[in-house]
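Each residue of the sequence shown is one higher than the one before, counting from 211 in this note's numbering. Glycine residues also receive a C-beta, built at the ideal position from the N, C-alpha and C atoms. Since the structure is predicted, the reported quantities are computational estimates derived from the model, not experimental observations. Report on the structure given below.
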Amino acid sequence: MQVKRKSCLRQPVALMGTVALIWALTIGALPSAAQNGSHGETKTDSTQQDTHKKDGSHGSGLSDEKLPLQLEGFPRRPRPILEIGQHFLGTGNIQRGFTLPTGAVWQPYFMVFGTYRSGVNSFYNGTDQVSEWANRFDLFGNLYLTFTERILVGFRPLDQDVKGQRRFTGYTFQPEALKDGFQDETNFELSTLFFEGDIGELFPKLDPLDKHGLDYGISVGRQLINFQEGMLINDVIDAVGITKINLKIPTAINFRYTLLYGWNQLNRTNRAGSNPEDKDASLYALLTEIDWRTATVALDVFYVNAKDATGDGLYAGLSSVKRYGRFNNTWRVLGSFPVGKGTDRNSHGYLLFNEFSWTPIGNHNFFYFNTFWAIDRFRSAARDPTVATPLAPRAGVLFAGVGLGRYGAALSPLADNVAGGALGYQIFSHNLRRQLLLEIGGRYATKDEGQTAAAVGASYQLALGRRWVIRLDGFSNYIFEVNNVKPRDDQLRYGGRLEFLMEF
């Protein structure tokens, strides 16, 4: 489960299924204007009842004849690898299910889905030309008990974490120092396993009239914890969370909060940008969000309790998301505060971040301008090795790796005494099945350390059929001198890659 903003429990797939079923029932009950006439005119035929009764009153005007779901112009249903029970986004009657002693009605069905990625990367890192072939496979099994309760299990059998670095199954062509033939990183390590549900739906007999507000979301297990768009925390950990939604406070539309406890699999970033697991660490969190009429404001606080030398720490983030006409703005203020002595993975710092974006009139294209300023050495509460630092990926594609192989970010995403930003333009074409992203960005070291650099990059994606995507990426950057000291390696660096992605 991705524990993101809005609540501890997010089920877009289940919600889509619910919407599809409601829509199907609605369409099935109403006669189509296309069948009865055009331009909104309704003709009387054998499928429409006479709306005038003998006493002068009017009937319903709705036909008793059942019509099939009208799917003309809609794409075919995306069929997963495996389905047991009712179909994902399918049509027809909902299965009867069975009733638990708690009063909950369960209608279980199971589906398997996933993503396979295979890419060829080649880049010059200032010292060596690195060329490789890398593979990644994200496989999930989703057992729906109802539309609000489910169990999700996930595996990543082609890559694994080795001392804070992610290694992928594939082949390294160059340089010789890294060339060791075919790299087999296959494994059966469990990457995701959690249950999520709603207490009010699990125990409906406790509140049969729905008067006591028992709509508490709960999740427990190994799951993705992601808050402040991944800048404050972005890691897969063993955790339990309880979320209360639909609280009312004066002048606000909605208020929700989450209480979270995590006890295993925490990875904490060091200055080298690697994320080794902190085996003895646990975390506690209070996560809040308020919807106002003009903005959504979030305040999140984490406390990490570490029993070893990494140290305890307090991590907090405040953000606002607001729209000004056609323009969008998001700002974030984040801070990390060691409790006691600071360490490499638990240091004091602040990160100020701002996103400004807009969509031109008449198309779906997208402009964005992101800026940031890191004061001292900001650290996230926990980060997955594939997204090792706070600026990845929100600052821009130049600050983000691709999560496949050694192909990293064009600009260092470390948030240590640095200011910078990125300007980008995303172009959509061919009925949104093709997109081109162009970006320019840079970073400036505010103290005598870190990277000062500028870069340009591009990314092109092409959808093939219903399941395949081809992606091309490229970048070039230049590393500047800091206090008249040249970098140890070449200042000009570049790279490119080709990736094939299949969704199923």
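Simplified DSSP state of residue i, which is helix, strand or coil
i: Gly631; result: strand
i: Val612; result: coil
i: Pro414; result: helix
i: Gly705; result: strand
i: Thr553; result: strand
i: Thr309; result: strand
i: Thr382; result: strand
i: Thr506; result: strand
i: Pro570; result: coil
i: Ile463; result: coil
i: Pro623; result: coil
i: Ile291; result: coil
i: Pro603; result: coil
i: Ile650; result: strand
i: Pro595; result: helix
i: Ile304; result: coil
i: Glu713; result: strand
Beta-carbon proximity check, residue i vs residue j, cutoff 8 Å
i: Val446; j: Thr402; result: yes
i: Arg707; j: Val612; result: yes
i: Gly442; j: Ala591; result: Reading off the sequence, residue 442 comes out as Leu, not Gly. Closer than 8 Å, so yes.
i: Gln317; j: Thr358; result: no
i: Arg604; j: Gly440; result: yes
i: Ala189; j: Leu419; result: Here the chain covers residues 211 to 714 and nothing more, so residue 189 does not appear.
i: Val692; j: Thr662; result: yes
i: Arg346; j: Leu614; result: yes
i: Asp501; j: Ile463; result: yes
i: Gly427; j: Ile459; result: no
i: Trp343; j: Gly300; result: no
i: Phe714; j: Ile291; result: yes
i: Gly651; j: Gly606; result: yes
i: Asn477; j: Asp488; result: yes
i: Gly472; j: Ala449; result: yes
i: Phe563; j: Phe537; result: no
Neighbourhood of residue i by C-beta, 8 Å cutoff - its chain only, sequence neighbours within 5 removed
i: Lys216; result: Note that Lys216 scores 40 on pLDDT, short of 50, meaning its location in the model is unreliable; the coordinates nonetheless yield the value given after this. Result list for Lys216: Arg466 and Glu499, in chain order.
i: Asp522; result: Tyr513, Val514, Asn515, Ala516, Pro548, Val549, Gly550 and Asn556
i: Ala519; result: Thr553
i: Arg360; result: Gln221, Ala224, Asn352, Leu353, Tyr354, Phe405, Glu406 and Gly407
Residue i versus residue j - alpha carbon distance
i: Gly634; j: Ala665; result: 12 Å
i: Asn397; j: Arg676; result: 29 Å
i: Gln433; j: Leu277; result: 42 Å
i: Gly302; j: Ala584; result: 55 Å
i: Glu565; j: Thr599; result: 18 Å
i: Thr506; j: Ala495; result: 20 Å
i: Tyr319; j: Arg306; result: 12 Å
i: Asp658; j: Ser622; result: 16 Å
i: Leu702; j: Gly324; result: 38 Å
i: Ala526; j: Thr479; result: 16 Å
i: Thr540; j: Gly660; result: 26 Å
i: Leu561; j: Arg587; result: 9 Å
i: Ser529; j: Leu416; result: 37 Å
i: Leu642; j: Gly559; result: 41 Å
i: Leu624; j: Gly545; result: 14 Å
i: Arg616; j: Pro595; result: 12 Å
i: Ser273; j: Gly451; result: 48 Å
i: Phe576; j: Lys532; result: 17 Å
i: Leu648; j: Gly431; result: 39 Å
i: Ala632; j: Tyr654; result: 12 Å
i: Gly283; j: Asp348; result: 31 Å
i: Asp338; j: Glu709; result: 22 Å
i: Val340; j: Asp700; result: 15 Å
i: Phe392; j: Gly407; result: 43 Å
i: Asp260; j: Pro285; result: Residue placement at Asp260 is flagged as unreliable, the pLDDT there being 47, under the threshold of 50; the coordinate-derived value follows with that caveat. Between Asp260 and Pro285, the C-alpha separation is close to 36 Å.
i: Leu711; j: Val330; result: 12 Å
i: Gly630; j: Ile435; result: 27 Å
DSSP bridge partner residues for residue i (one or two, in chain order)
i: Lys489; result: Answer by DSSP bridge pairing: none, since Lys489 is not bridged.
i: Gln339; result: Tyr334
i: Trp473; result: Per DSSP, none; premise fails for Trp473.
i: Tyr534; result: Phe537
i: Tyr617; result: The partner list for Tyr617 (beta bridge, DSSP) is empty, contrary to what the question assumes.
i: Asp408; result: Gly427
Proximal residues to residue i (C-beta, below 7 Å), its chain only, five neighbours per side dropped
i: Ala620; result: Leu608, Ala665, Gly667, Phe685 and Asn687
i: Arg376; result: Asp369, Pro595 and Thr596
i: Leu310; result: Trp316
i: Met321; result: Pro290, Leu292, Glu293, Phe298 and Asn352
i: Leu362; result: Met211, Phe350, Asn352, Thr402 and Phe404
Same chain only: Cβ atoms within 6 Å of residue i, ignoring 5 sequence neighbours per side
i: Tyr670; result: Leu646 and Leu682
i: Lys696; result: none
i: Tyr704; result: Tyr334 and Ser686
i: Thr569; result: Phe576
The ligand HEM heavy atom lying under 7 Å from the CB of residue i
i: Asn397; result: You won't find the ligand HEM in this model; it holds no ligand whatsoever.
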